[in-house]
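J.:
There are 4 protein chains.
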Amino acid sequence: MIITLKNQKDIEQRESLIDWIKDLGLDVHISEGVGTTILGLIGDTSKVDIDLIRSLDIVDSVNRIQEPFKNANRKFHPADSIIDVSGVKFGGDNFQFIAGPCSVESEKQVVSIAEEVKKAGATLLRGGAFKPRTSPYAFQGLGVEGLKYLKKAREVTGLPIVSEIMSADFISDFEDVDLIQVGARNMQNFELLKELGKINKPILLKRGLANTIEEWLMSAEYIMSEGNENIILCERGIRTFEPYTRNTLDLSAVPILKEKTHLPVIVDPSHATGINRLVRPMSRAAVASGADGLLIEVHNDPQHALCDGAQSLKPEQFAEVVVDCKKILEVIR
Amino acid sequence: MIITLKNQKDIEQRESLIDWIKDLGLDVHISEGVGTTILGLIGDTSKVDIDLIRSLDIVDSVNRIQEPFKNANRKFHPADSIIDVSGVKFGGDNFQFIAGPCSVESEKQVVSIAEEVKKAGATLLRGGAFKPRTSPYAFQGLGVEGLKYLKKAREVTGLPIVSEIMSADFISDFEDVDLIQVGARNMQNFELLKELGKINKPILLKRGLANTIEEWLMSAEYIMSEGNENIILCERGIRTFEPYTRNTLDLSAVPILKEKTHLPVIVDPSHATGINRLVRPMSRAAVASGADGLLIEVHNDPQHALCDGAQSLKPEQFAEVVVDCKKILEVIR
Amino acid sequence: MIITLKNQKDIEQRESLIDWIKDLGLDVHISEGVGTTILGLIGDTSKVDIDLIRSLDIVDSVNRIQEPFKNANRKFHPADSIIDVSGVKFGGDNFQFIAGPCSVESEKQVVSIAEEVKKAGATLLRGGAFKPRTSPYAFQGLGVEGLKYLKKAREVTGLPIVSEIMSADFISDFEDVDLIQVGARNMQNFELLKELGKINKPILLKRGLANTIEEWLMSAEYIMSEGNENIILCERGIRTFEPYTRNTLDLSAVPILKEKTHLPVIVDPSHATGINRLVRPMSRAAVASGADGLLIEVHNDPQHALCDGAQSLKPEQFAEVVVDCKKILEVIR
Amino acid sequence: MIITLKNQKDIEQRESLIDWIKDLGLDVHISEGVGTTILGLIGDTSKVDIDLIRSLDIVDSVNRIQEPFKNANRKFHPADSIIDVSGVKFGGDNFQFIAGPCSVESEKQVVSIAEEVKKAGATLLRGGAFKPRTSPYAFQGLGVEGLKYLKKAREVTGLPIVSEIMSADFISDFEDVDLIQVGARNMQNFELLKELGKINKPILLKRGLANTIEEWLMSAEYIMSEGNENIILCERGIRTFEPYTRNTLDLSAVPILKEKTHLPVIVDPSHATGINRLVRPMSRAAVASGADGLLIEVHNDPQHALCDGAQSLKPEQFAEVVVDCKKILEVIR
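Protein chains in written order, with the working numbering: chain A, 365 to 697; chain B, 365 to 697; chain C, 365 to 697; chain D, 365 to 697.
(1) For R644 (chain D), which beta-bridge partners are listed by DSSP?
(2) Examine chain A for any beta-carbon lying closer than 7 Å to the beta-carbon of F682 (chain D), and answer yes or no.
(3) Considering only the beta carbon of each residue, do R571 (chain C) and R610 (chain C) sit closer than 7 Å?
(4) Which residues does DSSP pair with F454 (chain D) in a beta bridge?
(5) Which first and last residues belong to the alpha helix (DSSP H) in which T637 (chain C) is found?
(6) Rounded to whole angstroms, what is the Cα-Cα separation between V695 (chain A) and S634 (chain A)?
(7) Would you call C671 (chain C) buried or exposed, if buried means 16 or more other Cβ atoms sit within 10 Å of its Cβ?
(8) What does L613 (chain B) reach in chain D if we use C-beta pairs closer than 9 Å?
(9) Quick one: what does DSSP say A486 (chain C) is sitting in, helix, strand or coil?
(10) On the three-state DSSP scale, how would you describe L556 (chain D)?
(11) Taking only beta carbons into account, state which residues of the segment 622-635 of chain D come closer than 9 Å to chain B, listed in chain order.
(12) Express the C-alpha separation of I382 (chain C) and Y608 (chain D) in angstroms, rounding to a whole number.
(13) Mind checking the segment 467-497 of chain C against chain D and listing, in chain order, the residues whose C-beta falls within less than 7 Å of any C-beta there?
(14) Should P442 (chain A) go down as buried or exposed, given a rule of 16 or more other Cβ atoms within 10 Å for buried?
(15) Between which residues of its own chain and D391 (chain D) is the CB-CB distance below 7 Å, once the five residues before and five after are set aside?
(16) For D540 (chain C), count neighbouring Cβ atoms within 10 angstroms of its own Cβ and tell me buried if that reaches 16, exposed if not.
(17) Comparing C-alpha positions only, which one of B:S583, B:L560, B:L615 sits nearest to G591 (chain B)?
(18) Run through chain D and tell me which residues come within less than 9 Å of Q545 (chain C), C-beta to C-beta.
(19) Hey, could you find the ends of the alpha helix (DSSP H) E499 (chain A) is sitting in?
(20) Are at least three pairs of beta-carbons, each pair with one atom in the segment 454-467 of chain A and one in the segment 534-550 of chain B, less than 8 Å apart?
(21) Give the single residue among D:D421, D:D387, D:T400 whose Cα lies nearest to the Cα of E376 (chain D).
(22) Taking C-alpha atoms, which residue in A:M551, A:F433, A:K411, A:E623 lies nearest to W384 (chain A)?
(23) Which ranges would you report for the alpha helix (DSSP H) in the segment 366-423 of chain B if only whole runs of at least 4 residues count?
(24) Give me the chain D residues within the contact set of D424 (chain A), using Cβ-Cβ distance strictly less than 9 Å, ordered along the chain.
(25) Got a sec: is the Cβ-Cβ distance from C671 (chain B) to anything in chain D below 7 Å?
(26) Can you list, in chain order, the residues of the segment 498-520 of chain C whose Cβ is nearer than 7 Å to any Cβ on chain D?
(27) Please decide whether Y586 (chain D) counts as near chain C, where near means a Cβ-Cβ distance under 7 Å.
(28) Please return the same chain residues whose Cβ sits closer than 7 Å to the Cβ of E606 (chain A), not counting the five positions on each side in sequence.
(29) Comparing the C-beta of T400 (chain B) with each C-beta of chain C, is any distance below 7 Å?
(30) Determine the DSSP secondary structure at Q545 (chain B), reduced to helix, strand or coil.
(31) List the endpoints of the continuous beta strand (DSSP E) containing L597 (chain B).
(32) Check whether chain B comes within 7 Å of I385 (chain C), counting only Cβ atoms and requiring the distance to be less than that.
(33) For D424 (chain B) and I429 (chain C), what's the separation of their Cα atoms in angstroms?
(34) Measure the C-alpha to C-alpha separation of L568 (chain D) and K690 (chain D) and round it to an integer number of angstroms.
(35) Just the Cα atoms here: how many angstroms apart are M646 (chain C) and A484 (chain B)?
(36) Taking the DSSP output, what are the residues bridged to I660 (chain D)?
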């Protein structure tokens with residue numbers, strides 16, 4: 365970490381800063397220039413609070429040399445992490461297709477979709493039981509009942525199941541869910557992250573709507589620092605000024621993450637774009653950018669289901685996406 | 365609500381949509397144009413899931429006439445709400461100054477700052493006991509111990525206290541806190557909002573980093589729909605591409621909110637800008653824009669306290685801000 | 365176009381609005397609902413100033429049914445436009461690789477790079493002669509001299525050349541340039557667009573840093589409405605809050621554009637990301653998303669050239685990108 | 365300028381970088397740390413191309429100590445610049461109100477508005493003759509004819525006039541305009557800026573829609589580096605994700621600019637918000653934040669003028685704004 369001090373002579377504050385740094389167990393290399401003083405911090409700076417230093421009156425700027433994340437950092441763990449979700453592996457040479465409905469509506473619905481997506485190539489089943497909704501008046505999901513239907517669909521198809529958790533209070537309800545999703549709105553719900561760090565289940569951590577890649581990795585670090593290292597990251601679009609798509613899918617995040625971290629990275633083109641016609645090209649692009657998997661909304665009865673629409677694929681459309689993606693995988697690997 | 369249908373002839377889907385709308389207890393006014401059909405929904409549309417309708421294949425666009433928030437809506441509650449925080453009133457003709465340190469460090473620190481900010485004109489004391497930090501390795505606050513010191517400072521000065529809650533699990537610890545803050549990162553922690561809706565304490569609801577004003581009011585609606593109508597909104601800056609300030613303080617949100625809702629609106633210039641030299645001009649501007657109060661970071665010993673800096677004012681600087689703001693209040697009211 | 369009026373009784377303003385619409389040669393279909401009135405505009409609304417109507421006191425909202433762009437609109441021109449750049453075709457089943465240095469430095473440099481990129485698979489040569497620089501103190505390019513070197517390189521290799529124009533005053537200097545680039549900062553330089561509409565050369569129109577897709581198409585429309593329909597669009601990243609990449613490459617724009625317009629769309633992964641290690645995965649992703657070509661920075665002597673670096677590929681790296689992309693093209697077409 | 369090198373041993377590239385820096389007339393202070401090397405550049409670094417250095421493979425990060433703008437920098441010109449617009453002064457203790465219609469429609473209209481805004485307190489008259497419009501089909505302004513009407517209004521009222529220029533080709537038409545406006549879309553039209561730097565007229569430089577404060581000052585620097593130092597900056601809102609206002613007015617930019625530059629800063633609340641009801645509170649807030657003036661849209665016949673509406677004030681509303689702002693000025697100065 366490089367701290368550039370302002371051009372001034374407040375020796376007292378400067379000495380107080382240097383002492384404080386040394387108290388953290390770090391060495392300080394002082395370099396006096398013309399009109400500026402630079403402090404180089406030597407040692408493990410991941411515990412140093414960069415915001416705190418940046419806020420000091422005598423500090424001009426602070427520059428990390430080391431990244432603030434440790435457990436998630438590829439530098440300290442060069443090999444890809446392989447995350448095992450009830451036998452289905454993410455990371456390394458594996459590629460997985462997670463598919464299913466936005467909301468679990470009934471046992472019949474979810475079992476039938478599960479059978480169809482399995483046939484089309486899905487390796488995991490997704491389905492929302494607890495739904496984060498902007499409005500308190502909107503349908504909030506079937507809750508625990510919905511999880512029961514998902515488990516039934518797993519029993520029938522053998523597909524491991526993925527569903528979103530919205531509070532640490534529900535952890536016991538998710539005991540038998542194979543992969544627990546943390547949604548975009550909860551990416552910085554630190555209390556939830558800490559509790560998920562104490563269990564031994566794989567976590568699917570979606571990127572927050574307006575969070576940087578570094579903040580996202582720090583949220584993974586929250587879970588990992590408590591002991592749970594089974595994390596899969598999911599890019600799902602960020603908020604920009606462009607209105608034609610619901611969010612802007614940031615595919616550059618995929619190769620950046622592959623450099624910075626050893627954790628697997630998957631992409632959700634359905635939520636990112638909000639438009640079903642874009643799911644196929646953006647799925648192809650996600651694979652080509654180096655993603656380890658896809659999370660795709662699929663519904664089997666768009667004629668009568670109201671939650672279908674612009675963002676859900678029909679099973680036969682999903683099957684085409686799977687075929688495309690497998691061919692692209694062969695090309696780039 | 366106005367639904368514009370695409371220029372197509374899928375009568376089955378269209379009839380299915382109209383039936384579904386009528387099942388919600390609404391009337392539908394159908395208007396056939398050349399190349400387009402418009403449905404006007406008549407009745408209480410606040411329970412209609414706009415995203416769901418927007419996602420239908422046959423729908424071109426959906427336009428709300430009514431806003432989706434009801435309890436927070438000024439249309440149904442034209443008079444300003446007055447929120448009473450242990451005798452200190454927000455809204456209407458009242459204006460309040462909330463001041464105090466970013467983090468509670470010790471009893472001595474917080475009592476001494478409380479005495480100084482009270483003398484300078486503060487009417488409430490703020491202090492962070494549970495701190496939401498991007499890094500798991502950063503100081504997470506003194507927790508329940510910190511709340512104890514705040515209560516001590518209240519005992520000494522008589523100032524009601526404000527502190528941030530990070531999970532519904534801590535609600536019992538906040539029973540004796542006068543005003544409970546929901547931070548930017550938890551603005552859409554819907555489980556927390558629902559639980560805060562069931563208690564009878566005033567809530568200070570900060571705007572999320574990248575949330576629209578409408579989403580913010582919907583989060584207020586979550587709390588209100590559970591029964592707790594004691595909400596104060598706090599603008600604290602949004603995320604943009606500009607790096608000179610930490611966030612971009614959106615003061616236009618103040619007059620917009622005064623139109624849309626009857627709830628009081630305060631402004632936090634300290635977190636929004638991250639620069640103490642900007643707190644005075646932006647406090648003045650916040651008052652001039654019509655805010656009902658200010659939330660300002662004040663520390664009394666910047667020389668030795670490391671958490672002071674660019675964003676905290678000294679008590680004497682805060683006193684100047686109070687004087688300025690009171691003069692501007694006289695001009696505009 | 366659907367105009368929703370506010371719930372009010374200002375008959376005079378309403379009649380004045382309806383008269384004004386009829387004066388534009390449009391029919392108005394009036395639909396009275398409970399608490400609202402809707403006007404449906406029938407006819408060619410592309411000339412209606414939507415901002416003007418939106419700003420009227422009596423108007424609640426305005427909704428386009430027709431898109432505001434006409435010449436660029438795929439609805440009125442269903443087949444892909446094929447743009448011929450001195451014999452090299454863009455659009456339809458064609459795919460082109462534009463490669464070359466950021467800045468033209470010398471004749472020797474640009475000729476040598478041209479020979480190498482041609483061998484690696486490039487079908488056009490790019491090179492900056494006039495450079496838009498944030499700072500007036502930075503190197504502004506070789507200007508007309510640079511164009512001369514590009515022409516020399518074309519003579520040697522046969523590759524058509526692409527270079528950026530920064531003002532209509534230079535149009536005569538670009539007479540012999542095969543494809544004239546309008547950079548991001550000039551996307552809404554309407555005077556330049558109008559002048560380029562009067563000539564008969566292909567234009568490479570880059571997306572503005574913070575412009576919507578609709579604004580971008582309206583800029584194409586400026587050129588086309590003056591008579592020049594030879595336009596190729598180039599996505600080059602938009603400005604967001606994410607600092608790890610220079611800009612955020614918006615690949616969803618590719619399939620959206622393929623729906624909305626018949627014009628070819630290419631992608632510039634070099635400027636978008638600013639990081640050479642990301643050029644290969646993002647080139648693959650661009651092809652997979654459906655792009656019609658790539659614009660890639662290539663330099664042949666990174667050891668000694670200072671303008672090389674994070675964003676330029678070496679010719680051998682570029683050759684690998686070409687191979688990858690051709691394989692992906694086979695898969696998706 | 366501080367350059368942090370990556371932890372690597374490419375001595376050749378490092379020596380080549382150091383030689384290149386020395387060739388620019390700068391001294392280099394080398395500081396070797398554990399795992400990193402830091403270069404401190406000593407001398408006038410405003411001519412150093414920071415992007416170029418940042419793009420080098422061996423460079424980890426570059427940090428400016430000096431700002432890249434020189435002529436505009438308050439460090440080298442501590443006193444406020446006073447810009448004289450035909451006798452009306454901006455900067456220092458002066459405060460000016462610029463008012464008038466969005467578009468010049470006729471001589472009668474603009475003369476009549478000019479008389480009314482003068483009575484209400486305006487000190488300059490604005491009016492659009494050349495209008496930058498997203499659509500080529502929208503009204504593009506009266507052009508030179510519009511300038512003639514503005515001059516007539518100046519003759520009648522004595523108010524200096526302000527109007528927007530869209531290309532250097534029109535500079536001779538603006539010879540007799542008192543203050544030449546560069547609009548947001550042309551803030552980085554560098555060819556236009558250079559030409560405006562060669563004349564001796566005051567320039568009103570609006571901030572680009574998605575430009576940082578530093579980029580804005582660099583655009584001022586373009587004009588100043590050619591010799592014209594008569595620049596007034598105008599904040600007019602930036603593009604964010606918030607849809608309730610047209611743009612987000614960034615008032616924090618005002619005190620930041622007052623620190624960074626000696627140039628006057630005014631605010632345009634009309635375009636920023638796009639809502640006339642917000643013009644009064646945001647004008648107050650702009651004054652309170654420390655602005656040197658306001659640019660406000662005023663129209664005198666909103667009943668019949670279609671270009672009036674959400675964003676224009678009536679003259680009597682403008683008069684109230686002037687009264688408010690003068691009172692706030694007394695308080696804060």
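Even for Gly, the Cβ is constructed at its ideal location relative to N, Cα and C.
T.: Concretely, from the data shown:
(1) Its beta-bridge partners do not exist; DSSP assigns none.
(2) no
(3) no
(4) D:I447
(5) 633-637
(6) 24 Å
(7) With a pLDDT of 48 at C671 (chain C), under the threshold of 50, the modelled position of this residue cannot be trusted, and the question is left open.
(8) D614, L615, S616
(9) coil
(10) helix
(11) K622, E623, K624, P633
(12) 26 Å
(13) P496
(14) exposed
(15) I406, G407
(16) exposed
(17) B:L560
(18) Correct list: empty, because the minimum Cβ distance to chain D is about 15 Å.
(19) Per the sequence shown, residue 499 (chain A) should be read as Ser rather than Glu. No alpha helix (DSSP H) contains S499 (chain A), which DSSP labels as neither H nor E.
(20) no
(21) D:D421
(22) A:K411
(23) 375-387, 414-418
(24) N427, I429
(25) Interpretation of C671 (chain B) is limited by its pLDDT of 49, a score under 50 that renders its predicted location unreliable; the figure taken from the coordinates is listed afterwards. For C671 (chain B), the answer is no, since every Cβ of chain D falls outside 7 Å of its Cβ.
(26) T498, S499, P500, Y501, A502, F503
(27) yes
(28) T612
(29) yes
(30) strand
(31) 595-599
(32) no
(33) 8 Å
(34) 22 Å
(35) 57 Å
(36) D:A463
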